[in-house]
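One structure is given here, and the rest of the page talks about it.
Protein chains: 4
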Amino acid sequence: MYSLCANGGWILGHLIDGTQAEYVRTPFADTSLYKVPQGMDEEALVMLSDILPTGFECGVLNGKVRPGSTVAIVGAGPIGLAALLTAQFYCPAEIIMIDLDENRLATAKQFGATATINSSDGQAAAAILKLTGGRGADTAIEAVGIPATFELCEEIVAAGGVIANVGVHGTQVALHLERLWDRNISITTRLVDTVSTPMLLKTVQSGKIDPKRLVTHRFKLEAIMEAYETFANAAESKALKVIIEAS
Amino acid sequence: MYSLCANGGWILGHLIDGTQAEYVRTPFADTSLYKVPQGMDEEALVMLSDILPTGFECGVLNGKVRPGSTVAIVGAGPIGLAALLTAQFYCPAEIIMIDLDENRLATAKQFGATATINSSDGQAAAAILKLTGGRGADTAIEAVGIPATFELCEEIVAAGGVIANVGVHGTQVALHLERLWDRNISITTRLVDTVSTPMLLKTVQSGKIDPKRLVTHRFKLEAIMEAYETFANAAESKALKVIIEAS
Amino acid sequence: MYSLCANGGWILGHLIDGTQAEYVRTPFADTSLYKVPQGMDEEALVMLSDILPTGFECGVLNGKVRPGSTVAIVGAGPIGLAALLTAQFYCPAEIIMIDLDENRLATAKQFGATATINSSDGQAAAAILKLTGGRGADTAIEAVGIPATFELCEEIVAAGGVIANVGVHGTQVALHLERLWDRNISITTRLVDTVSTPMLLKTVQSGKIDPKRLVTHRFKLEAIMEAYETFANAAESKALKVIIEAS
Amino acid sequence: MYSLCANGGWILGHLIDGTQAEYVRTPFADTSLYKVPQGMDEEALVMLSDILPTGFECGVLNGKVRPGSTVAIVGAGPIGLAALLTAQFYCPAEIIMIDLDENRLATAKQFGATATINSSDGQAAAAILKLTGGRGADTAIEAVGIPATFELCEEIVAAGGVIANVGVHGTQVALHLERLWDRNISITTRLVDTVSTPMLLKTVQSGKIDPKRLVTHRFKLEAIMEAYETFANAAESKALKVIIEAS
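Residue numbers (my numbering), protein chains in the order written: chain X, 92 to 338; chain G, 92 to 338; chain F, 92 to 338; chain B, 92 to 338.
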């Protein structure tokens with residue numbers, strides 16, 4: 092568990108200054124840096140630094156996505172889309188994407204979702220159960236971080252399934268054990284460990300996934316405040332990931 | 092998942108009459124009955140029918156008990172004790188038993204607990220963290236079925252650990268994702284599948300475990316109402332499991 | 092392990108008459124038959140009865156194919172091609188197909204192989220090591236059944252990799268433990284269990300795989316001897332799988 | 092796979108001078124040294140440096156020893172005994188020890204073997220099959236390193252079982268795939284990775300295992316040549332592990 096290492100863990104941008112600079116000192120570099128394979132696209136690599144392993148490790152690996160299984164992803168923001176892209180490594184039969192924003196759902200369709208559900212009418216659970224013949228989703232990925240979306244996952248997880256939490260939560264949620272105690276389910280949490288970085292590098296290098304599709308905007312370092320604004324107004328700007336170029 | 096089989100599952104004593112009779116018809120018998128190995132003690136086998144696989148599958152297997160790990164079991168009733176007995180298959184370094192009843196804690200000690208904690212003072216979490224050098228338990232087994240005991244498990248689970256729910260819950264519990272979202276933990280639920288019955292048979296047959304220790308009282312079938320009373324007043328009678336003899 | 096069940100296992104066409112008939116009695120039918128999902132192509136289902144689970148279970152599952160990994164399949168006959176099709180469920184970076192027959196290698200390319208090697212010059216091992224930067228294959232699938240092809244797998248398996256045997260062998264092979272004892276490898280064997288049938292059904296139903304591509308010839312039941320001849324002369328007829336239609 | 096790390100791996104005593112000295116420089120020390128827990132016996136720790144993780148990782152973990160399973164260990168030398176000690180972490184029903192030397196078999200009995208077989212009459216396979224009702228061993232651990240003992244493992248492994256190779260082999264062995272191709276078995280090899288050191292430390296610290304029992308002789312550093320002789324004449328000296336004291 093690199094992320095929870097007693098002496099290491101999440102340091103850059105958390106315990107010390109981060110990487111929005113031309114040069115950066117990386118603690119424990121010999122166990123946490125990877126050599127860039129020749130000819131690799133640098134923007135793809137930026138996606139590999141955090142968002143792709145987060146969606147993959149916390150959502151897809153924890154969620155035990157399998158060939159032929161049914162996946163529901165609640166939240167079609169960048170993290171949810173990273174889970175959507177990497178879930179396809181395992182050929183699930185269905186990937187259902189749930190969000191309030193039609194733009195994001197349209198993007199999800201382009202990224203490989205087999206169905207999308209706008210949850211603004213409060214009927215998402217019923218819609219997912221209908222789509223799955225009443226069984227629910229084998230994997231329910233929570234990629235928002237509020238009680239309503241987590242509790243939606245509780246309603247739609249199939250017997251024997253997994254709720255893989257990816258969202259950062261600021262408050263408690265209601266866990267309905269009175270319904271779930273006998274359903275053979277798991278709930279998982281995880282701070283990204285980046286243990287999957289070597290595997291992800293190989294999938295990008297061999298063209299199995301194109302993480303650059305997550306990049307919607309690019310800014311020079313001197314325009315960084317504009318970049319932050321664009322990201323903050325994602326609903327309007329339709330920003331997914333924003334690249335800052337060093338010079 | 093035998094227990095959640097769409098056509099089978101939990102039938103005897105649930106959907107049809109149970110087994111408190113001299114003869115019983117068992118649906119799907121060819122996939123759910125086991126031949127009694129010669130010379131095996133019948134009382135040990137009664138313990139194998141439900142309580143031992145429940146503690147083992149829902150608590151120990153789901154809880155990923157491992158050599159050298161730390162296990163906390165909340166609830167020292169028969170199910171908690173069944174988890175305690177079967178956890179020892181995997182040589183954990185510590186098994187901490189938590190209950191309100193000193194008698195049960197004394198029994199737990201005899202059954203192999205390395206430490207016991209009486210939680211009546213509301214300080215159980217602090218005591219467990221102290222015992223584990225602040226790390227908490229790798230496996231926290233909930234064997235009661237109320238919000239307070241489940242939430243205790245949330246407080247004591249170590250980073251990377253598992254909360255294995257065994258208790259039957261009648262109401263929701265508060266899941267503190269604001270503390271747990273980044274702790275790499277799992278929460279599991281399960282209705283006993285009895286998939287471990289062949290393995291448990293072998294451990295009993297080879298003397299690795301003595302489930303008969305759970306039997307505290309024996310009654311004839313005609314005294315069954317007395318048996319129920321004894322079990323209902325377990326605090327006084329110190330009953331763990333009660334055997335009904337057919338004749 | 093259904094395939095090695097003491098009372099069941101491989102019965103049809105082995106211990107009793109097989110299925111080349113209009114009607115057939117299936118022993119243990121309630122635990123070994125699957126309901127055909129509505130609208131499914133029957134020829135695809137024939138491929139699901141044996142060849143696809145064989146390639147998948149013995150080759151791909153045993154071989155632990157993973158996203159980004161390197162797979163080498165020795166033998167591009169129908170079983171090797173079934174392994175090739177189902178290996179793609181896990182997005183390996185490279186799938187290298189090895190055979191003596193250029194036609195089969197061309198088919199393998201169409202079925203998704205990223206590289207093909209004609210081993211008739213005796214240089215296959217060197218070619219595979221070159222393709223993999225000297226590392227070898229994470230998964231080496233043996234789909235022929237003779238000593239030379241198994242020993243090729245021993246030469247090309249990467250440290251930490253798996254040799255998944257699928258071939259039916261009639262004689263012993265030389266296992267070079269003097270080179271392999273410290274390489275952290277596994278060698279696996281398996282008689283297909285068909286435990287993956289429900290999963291494979293879902294992948295076919297959702298269009299993730301098209302097993303019908305394995306069907307090259309079709310015959311009426313009355314022309315069955317011709318069908319056998321065609322299959323026996325596969326090098327000339329380019330037969331992969333042959334369908335017999337009941338009427 | 093620490094042991095096969097491209098830049099690290101087995102260095103001390105292999106690529107550079109070893110540790111028979113008062114001081115030693117350890118390459119990659121920050122990822123390969125462990126803090127000695129207070130109060131731990133130093134002789135027990137010497138057993139943890141190599142022999143215990145070797146028996147445990149290559150034999151017990153690779154061999155998937157499980158509660159109630161049957162284990163056969165071929166070779167009752169120090170490594171085989173280390174496997175015997177650590178196999179008991181998982182409560183197998185039977186541990187059968189096979190060797191040519193009655194002294195070693197007697198030691199194995201004291202260390203927890205449930206049965207011992209002297210293989211000098213060439214009937215070991217028949218004896219093991221008899222002991223296991225014809226099923227064979229779920230785990231067969233090869234702890235010698237010659238063809239005869241590996242091939243014995245091939246004869247006694249049960250359907251679905253594992254042959255876990257621990258021995259260092261200098262020559263090829265005959266792998267009888269004509270008998271094993273359809274038996275759902277695995278064969279594993281491994282150079283000890285010491286990934287289990289933290290777990291083993293905890294089991295020793297909590298008294299679950301007493302590796303000091305492997306120490307039969309002690310010598311001062313100046314008598315090291317005598318120590319080597321004693322170890323070389325193990326049959327006579329009954330030496331298992333020999334401790335060299337620095338001063």
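Just so you know, even glycine gets a beta-carbon here, dropped at the ideal spot from N, CA and C.
Short Cβ contact (7 Å threshold) for residue i with residue j
i, j, result
"ASP273 of chain G", "SER160 of chain G", "no"
"ALA173 of chain X", "GLY130 of chain X", "no"
"HIS267 of chain F", "GLN263 of chain B", "yes"
"LEU243 of chain F", "ALA216 of chain F", "yes"
"LEU196 of chain F", "SER211 of chain F", "no"
"GLY227 of chain B", "ALA249 of chain B", "yes"
"PRO128 of chain G", "GLN296 of chain G", "yes"
"LEU139 of chain B", "LEU282 of chain B", "no"
"ILE170 of chain B", "VAL253 of chain B", "no"
"ILE187 of chain B", "ILE219 of chain B", "yes"
"ILE373 of chain G", "GLU134 of chain G", "This structure cannot speak to residue 373 of chain G, because chain G is shown only from 92 to 338."
"THR321 of chain B", "HIS308 of chain B", "yes"
"PHE310 of chain X", "ALA323 of chain X", "no"
"GLY99 of chain B", "PHE119 of chain B", "yes"
Proximity winner among the options, relative to residue i (alpha-carbon distances)
i, options, result
"ILE164 of chain G", "G:SER140, G:THR117, G:THR207, G:ALA184", "G:THR207"
"ALA255 of chain B", "F:THR279, F:ALA199, F:VAL257, F:SER287", "F:THR279"
"SER277 of chain G", "G:VAL257, G:VAL286, G:GLY251", "G:GLY251"
"LYS349 of chain X", "X:PHE119, X:TYR114, X:TYR125, X:PRO183", "No information on residue 349 of chain X is available, as it lies outside the stretch 92 to 338 that chain X covers here."
"GLU313 of chain F", "F:ASP108, F:GLY166, F:ALA112", "F:ALA112"
"ARG157 of chain X", "F:ILE107, F:TRP101, F:TYR181", "F:TYR181"
"ILE232 of chain F", "F:ALA199, F:TRP101, F:CYS149, F:LEU95", "F:CYS149"
Alpha-carbon to alpha-carbon, residue j and residue i
i, j, result
"LYS299 of chain B", "THR205 of chain G", "12 Å"
"GLU193 of chain F", "ASN209 of chain F", "7 Å"
"ALA330 of chain G", "GLY168 of chain G", "9 Å"
"TYR93 of chain F", "GLN179 of chain B", "29 Å"
"VAL151 of chain G", "VAL306 of chain B", "34 Å"
"ILE189 of chain X", "GLY154 of chain G", "31 Å"
"ILE247 of chain G", "VAL162 of chain B", "36 Å"
"GLU185 of chain B", "ASP301 of chain B", "20 Å"
"GLY32 of chain B", "THR110 of chain B", "One cannot answer for residue 32 of chain B here, as it falls past the ends of chain B, which runs 92 to 338."
"ASP121 of chain G", "THR122 of chain F", "10 Å"
"VAL235 of chain X", "LYS303 of chain B", "53 Å"
"THR285 of chain X", "ASP141 of chain X", "8 Å"
"GLU269 of chain X", "ASN275 of chain X", "13 Å"
"ALA201 of chain F", "LEU176 of chain F", "The sequence given here has Gln at residue 201 of chain F, not Ala. Cα-Cα distance, rounded: 10 Å."
"SER328 of chain G", "ALA199 of chain G", "17 Å"
"ALA97 of chain G", "GLY166 of chain G", "31 Å"
"GLY213 of chain F", "ALA326 of chain F", "20 Å"
"ILE315 of chain B", "LEU271 of chain G", "54 Å"
"GLU245 of chain B", "LEU95 of chain F", "17 Å"
"ALA265 of chain F", "GLU336 of chain F", "43 Å"
Contact list for residue i against chain X, beta-carbon separation under 8 Å
i, result
"HIS267 of chain G", "GLN263"
Distance cut-off 6 Å: residue i Cβ against heavy atoms of the ligand ATP
i, result
"GLU148 of chain G", "Ligands displayed in this structure: none; no statement on the ligand ATP is therefore possible."
Chain-ordered chain X contacts of residue i [CB-CB under 9 Å]
i, result
"MET290 of chain F", "ARG157, PRO158, GLY159, SER160"
Contact list for residue i against chain F, beta-carbon separation under 9 Å
i, result
"TYR181 of chain X", "PRO158, PHE180, TYR181, CYS182"
"THR279 of chain B", "ASN275, ILE276, SER277, ILE278"
Under 8 Å by beta carbon: chain F residues contacting residue i
i, result
"VAL248 of chain B", "Per Cβ cutoff of 8 Å: no residues; VAL248 of chain B is ~10 Å from chain F at best."
Contact set between residue i and chain G, taken where Cβ atoms lie within less than 7 Å
i, result
"LEU282 of chain X", "ASP273, ASN275"
Listed by chain order, chain B residues near residue i by CB distance under 8 Å
i, result
"VAL259 of chain F", "TRP272, ASP273"
Neighbouring residues, chain G, relative to residue i (Cβ below 9 Å)
i, result
"LEU95 of chain X", "ALA250, GLY251, ASP273, ARG274, ASN275"
"SER297 of chain B", "GLY159, CYS182, PRO183, ALA184, GLU185, THR205"
Contacts that residue i makes with chain B (C-beta to C-beta distance below 7 Å)
i, result
"THR294 of chain G", "PRO158, GLY159, CYS182, ALA184"
"PHE46 of chain F", "Shown here, chain F extends from 92 to 338; a query on residue 46 of chain F therefore has no answer."
Partners in chain B for residue i, counting only beta-carbon separations shorter than 9 Å
i, result
"ALA241 of chain F", "The sequence shown places Phe at residue 241 of chain F, not Ala. Neighbours of PHE241 of chain F on chain B, chain order: LEU266, LEU268."
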